[in-house]
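Number of protein chains: 4
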Amino acid sequence: MEHKIRTDLAIELRESFPEDDVEVKGVILKEKFDEKNNIRVTTVEIRDEAGAKAMGKPIGTYITIETPELNNLSEDYHKPVSDLIAMHLRKLSGKLSRDDVLVVGLGNREVTPDALGPQVVDNLFVTRHLIREFGEEFKERNHLGNVSAISPGVMAQTGMETLEIIKGVIKETNPRLIIVIDALASRSINRLNTTVQISDTGISPGSGVGNNRKALNEESLGVKVIAIGVPTVVDAATIVADTLTKYMESTGFGEEDIFKFISEVNGQQMYNMFVTPKNIDESIKRISYTLSEALNSCFSGGVLH
Amino acid sequence: MEHKIRTDLAIELRESFPEDDVEVKGVILKEKFDEKNNIRVTTVEIRDEAGAKAMGKPIGTYITIETPELNNLSEDYHKPVSDLIAMHLRKLSGKLSRDDVLVVGLGNREVTPDALGPQVVDNLFVTRHLIREFGEEFKERNHLGNVSAISPGVMAQTGMETLEIIKGVIKETNPRLIIVIDALASRSINRLNTTVQISDTGISPGSGVGNNRKALNEESLGVKVIAIGVPTVVDAATIVADTLTKYMESTGFGEEDIFKFISEVNGQQMYNMFVTPKNIDESIKRISYTLSEALNSCFSGGVLH
Amino acid sequence: MEHKIRTDLAIELRESFPEDDVEVKGVILKEKFDEKNNIRVTTVEIRDEAGAKAMGKPIGTYITIETPELNNLSEDYHKPVSDLIAMHLRKLSGKLSRDDVLVVGLGNREVTPDALGPQVVDNLFVTRHLIREFGEEFKERNHLGNVSAISPGVMAQTGMETLEIIKGVIKETNPRLIIVIDALASRSINRLNTTVQISDTGISPGSGVGNNRKALNEESLGVKVIAIGVPTVVDAATIVADTLTKYMESTGFGEEDIFKFISEVNGQQMYNMFVTPKNIDESIKRISYTLSEALNSCFSGGVLH
Amino acid sequence: MEHKIRTDLAIELRESFPEDDVEVKGVILKEKFDEKNNIRVTTVEIRDEAGAKAMGKPIGTYITIETPELNNLSEDYHKPVSDLIAMHLRKLSGKLSRDDVLVVGLGNREVTPDALGPQVVDNLFVTRHLIREFGEEFKERNHLGNVSAISPGVMAQTGMETLEIIKGVIKETNPRLIIVIDALASRSINRLNTTVQISDTGISPGSGVGNNRKALNEESLGVKVIAIGVPTVVDAATIVADTLTKYMESTGFGEEDIFKFISEVNGQQMYNMFVTPKNIDESIKRISYTLSEALNSCFSGGVLH
């Protein structure tokens, strides 16, 4: 098995280019800083196959919201972040945001840093069954979206690919937009629980804690997919490799040699390990609340949320 | 809304016939008592439309296992019960038991007496993904069945009918047999947590705690469905009505009058209430363990369970 | 064992007096209705032993806040309720509210309607350890109270009286005020999840779901105790008895006869049963959030809550 | 802050001595391998102050049980391990095992690898309240021990030192023996979830995931303390340092330089991170079951466990 530096964040891939200030062909980078709320928004737009190849990520828009306040104890700081996420969701989903939306909470609710998706779904205001019971008039009067949701669990629990479950559910319920929530892996521990990535390119479930699985995207699902991810773990081998690399910089060793060395020292089990902060339970609770607020405000609008 | 005595148990329906010792046409009743293990097994077989109409239940076999030991603290008592359930499962499923099985844990894991299905799934040995990864040879060598599982949640959480979710999942993953686990409502508090009903007729999700939903059965799913249910609640209005009825027996009041009276005294909210024992958490934990053992022994056979 | 109508609410005891409009000696009743927010506040003050005897409750102040909004889906309705609770807490606790406070979340977190106390504690902003680490200056600068908290579990889980655990913790940590949160039993299903009772008389743990246990109050703990309770269950025998009573009103049967009759019909197990709504999980989640907000605002004041 | 290689296992401390085969003064090492069950038992006995100083651990006996079967899917493998743990518990506790025992489940139930202690307590058969209700005769007839239990939570949840809570509970309930269960940190990822350490020297709560807190031992509690720990995490900085050390072995850098370098690369947050396997939920479930079986068999003996 080949190992390499692991990150699910487009922004970290972009940073890894040595010519940090030069433009990568086919990739557009925009940055905006809201000093008052201490929020940085970076948009990485991968415009063509050249850019996709250079970045190792599909064509599409990746919005990264970085703010220490995401992990702040006080609720007061959450409203600006949640409003900002809702705004970007509305922009990326366009008219579909008033249509039937299925929210998918990926991840394993029994493993704390992987429970983000299921916990967002737990806090969601789900409306589809109400609209089916009380009709369109009820929907309009209450300014509701049409929201359904599912936390499918992970393959070790179900024996099924998440793709299989979601594909089946889509066929039966016909949503027009899929929102996928997942815990991600970042390369740097500084990004943990302080970063939200929103993209219109879909996601590979279990990219954070689990193993890489079949991608959920417009191609595989036949419906537009917006993914919201928050890095909650760092791959254990990556953190070791990064530190070693810094040390070896002058020695001329390459990434491959370093991973080979790590495997020799720690064994193959190293690649089934992740790194996460000790207070991950508090972070997951806070961030899932912020994300569900953003979704409720975006899709279940007005009165009832 | 019309209200009536509520039970999900075929055995309680059968008991409600005044001519208790006479045979109901189209319905065959067999009883067996294992004195040593204190387990009573009653089989109600509804053979034709006449029987189905008389009983208000679909044609099929309903096996009821009654034993106080189901709720016993000691693990020692669980093995005979779990073995007996496995035996009846094997009988009802026939050759299908070695084929691809999807186990569905119905119910809301956040409401204790309704968490039975999800907790059974939590303890299940799921194998489908392993067999897909390691091949048929791995399956044979380890005497495994091919088991997948899902806890779809309830409509208030997902906005979707359970039928929609399961139908979709079946289309994508093609199981040959569905096992559905659910918490049921009994009429009598004496049956709570001491009874298991196994039937080959499918089930209406949420019959225990939730509202009646679209049935999961061979007709709606296109695959054979075996349902395993345990009564964990009594409908609140039913318990009141039953007591009142006993009192009014001589007065000539009918069931309808009694429910009308209950509504007058308690309001319509009475019909969204259930009755359950104070130590329901311990019962659910124990019984879900016993059921998952039965399923693991029946479907994941030999070595690895 | 003798059985009787069961309620933990002073307001329901007061209502049970036939001379509803006449004053009970030693008991003062005040009522206030906030039409805008649809909140009714009733204060029952038991002033002397005569009143205590008449009511069957200790001398003290019982504030009952009744509002359907407590159970409302929308968060917008929660702020006025949570502000009102905080206001009454401040009034009852007086200067002690700025002193060391220990919050005790009673109840069994594994039984949904009994999980209120533990869930309030889960959402609490606890500060005692921070103040011990960063000092008084840190406390003053952030306008913090000094809050510690514990969810001791119930006797079936610990083998200990809650009184024993809390007494021990108080001896070691010396709080000046105890706030106890518990799920209660009301007599009427209409009061479930729409009522908050605040009193300065302490509480008997497990009065809601569990069995009556040794009281937590100033006498047993040596520290002032304020209890916050929300009825989440109705005793099953009480609901049956109440309905039967209404029916029998004209027949001259007394409460005792009625309970004897209920026991005959349902058996003694009836007295270990409770009645609760099907959507109790949603109610507990919402109400525990409202209560923790009230506590955070009252005791952890300013910046960090 | 000074950083160093972090381990809670006596056996790993012993291994870190270069003269692996020579005896450390004051420390006796015994090893036994059960080939049939694939279980290795190592006893490290620290006999005097010299040994304690050399090892950096208090005087006492540390029994380490190592077996991959601890983490095995199949239940069949758990019985020999659980029997072995029970046997060593009986040996270490002597006559006290038939006396009043308080089991303390340390750790945060919301962080998966730290939930071991609380989950063991969840599965425990608690008897103290039964014996107080039904008397000594009931205890003798059922061959019961007198077991109480508590999961006090962690300081971030309670604002209190665990020592304060447990000290208080002991004063009120007078147990004669304390069994403390905690998740530990090992140095090597190979030891995770395959090792049980039993010692009669007490424990520092939060040594695994949390921060080091005041020790629970006979000196601080006034009662004999037996600690059972299972390594479920590796300190993130330790894993990086260990790998780097191997690399730098020949360069003459020391541990201090390496940690300084790690801090430079990763920042101070590195020291609030832990490493744990992706399937930690399954391991915690299995191991907590095995430990609770061992405790139930040791202390609640006979019939009812």
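Chains as they are written, first to last, in our numbering: chain A, 12 to 316; chain B, 12 to 316; chain C, 12 to 316; chain D, 12 to 316.
Beta carbons are placed, not taken as given, at the ideal position from N, Cα and C, and that holds for glycine.
Can you have a look at Thr-53 (chain B) and say buried or exposed, based on whether 16 or more other CB atoms are within 10 angstroms of its CB? buried
Taking Cβ positions only, does Val-236 (chain D) come closer than 9 Å to chain C? no
Cβ closer than 9 Å: which chain A residues qualify as neighbours of Ile-16 (chain D)? Those within 9 Å of Ile-16 (chain D) in chain A number zero; the least Cβ separation is about 14 Å.
Determine the DSSP secondary structure at Met-284 (chain B), reduced to helix, strand or coil. strand
To the nearest angstrom, report how far apart Gly-105 (chain B) and Ile-295 (chain D) are at their CA atoms. 36 Å
If you follow the alpha helix (DSSP H) that Glu-147 (chain D) is part of, which residue opens it and which one closes it? 139-152
Quick check: the segment 13-29 of chain A against the segment 62-70 of chain A, are there 3 or more CB pairs under 8 Å? yes
Integer-rounded CB distance, given that Ala-247 (chain B) should sit under 8 Å from Ile-269 (chain B): Going by Cβ atoms, the distance from Ile-269 (chain B) to Ala-247 (chain B) rounds to 14 Å, so no, they are not a contact pair.
For Asn-83 (chain D), would you say it is in contact with chain A, using Cβ-to-Cβ distances shorter than 9 Å as the test? no
Within its chain, find whatever has a CB closer than 6 Å to the CB of Ala-226 (chain C); leave out the 5 residues flanking it on each side and keep chain order. Gly-213, Ser-215
Closer than 8 Å by C-beta to Ala-160 (chain C): which residues in its own chain qualify, once you throw out the five before and the five after it? Chain order, please. Leu-113, Val-114, Val-115, Gly-116, Val-132, Leu-135, Val-137
What did DSSP end up calling Glu-121 (chain D) once you bin it into helix, strand or coil? coil
Which first and last residues belong to the beta strand (DSSP E) in which Ala-226 (chain A) is found? That residue, Ala-226 (chain A), is in no beta strand (DSSP E); it is neither H nor E in DSSP.
Can you name, in chain order, every residue of its own chain whose Cβ lies under 8 Å from the Cβ of Thr-249 (chain C), other than the five neighbours on each side? Ile-16, Arg-17, Thr-18, Ala-196, Arg-198
Buried/exposed call for Phe-44 (chain B), threshold 16 Cβ in 10 Å: exposed
Along the chain, where does the beta strand (DSSP E) containing Tyr-73 (chain A) start, and where does it finish? 71-77
Proximal residues of chain D, C-beta to C-beta of Gln-280 (chain A) below 9 Å: Ile-200, Asn-201, Leu-203, Pro-288
First and last residue of the beta strand (DSSP E) that includes Asn-157 (chain C)? 157-161
Simplified DSSP assignment, three categories, for Leu-20 (chain C): coil
Below 8 Å CB to CB, which residues in the same chain sit around Ser-93 (chain D) once its five sequence neighbours on both sides are set aside? Thr-301, Leu-302, Glu-304, Ala-305, Ser-308
What does a CB cutoff of less than 7 Å around Asp-59 (chain A) pick up in its chain, not counting 5 residues either side in sequence? Gly-37, Ile-70
Gly-62 (chain C) Cβ short of 8 Å to the ligand MN heavy atom set: Judged by which ligands are present, the structure shown has none, so any question about the ligand MN falls away.
Using a Cβ cut-off of 9 Å (strictly closer), state whether Asn-119 (chain A) contacts chain D. yes
Below 9 Å on C-beta distance, what does Met-284 (chain D) contact in chain A? Ile-200, Leu-203, Val-245, Ile-250, Val-286, Thr-287, Pro-288, Lys-289
Residues in the segment 167-179 of chain B having any Cβ partner in chain C nearer than 7 Å: Ala-167
Cβ shell of Pro-129 (chain A) (< 7 Å), same chain only, five flanking positions each side left out: Gly-116, Gly-118, Arg-120, Ser-162
Output the boundary residues of the beta strand (DSSP E) element that contains Ser-210 (chain D). 206-210
Alpha carbon to alpha carbon, how far is Thr-287 (chain D) from Val-236 (chain B)? Give it in angstroms, no decimals. 40 Å
Between the Cα of Phe-310 (chain D) and the Cα atoms of D:Asn-228, D:Lys-41, D:Leu-103, which residue gives the shortest distance? D:Leu-103
Rounded to whole angstroms, what is the Cα-Cα separation between Glu-266 (chain A) and Lys-257 (chain A)? 11 Å
According to the neighbour-count rule (16 or more other Cβ atoms, all chains shown, within 10 Å of its Cβ), is Pro-79 (chain C) buried or exposed? exposed
So, helix, strand or coil for Asp-32 (chain A), using DSSP? Since pLDDT at Asp-32 (chain A) reaches only 49, below the 50 mark, its modelled position is unreliable, and the value read off the structure follows with that caveat. Here Asp-32 (chain A) sits in coil by DSSP.
Lys-178 (chain C), buried or exposed, once every other Cβ within 10 Å from all chains shown has been counted against 16: buried
Contact set between Val-139 (chain D) and chain C, taken where Cβ atoms lie within less than 7 Å: According to the sequence shown, residue 139 (chain D) is Arg rather than Val. Under the 7 Å cutoff, chain C gives Gly-170, Met-171.
Give the residues of chain C in contact with Ala-160 (chain D), contact being defined as C-beta atoms less than 9 Å apart. Gly-164, Gln-168, Thr-169, Gly-170, Met-171
Which stretch, first to last residue, makes up the alpha helix (DSSP H) that contains Arg-101 (chain A)? 89-104
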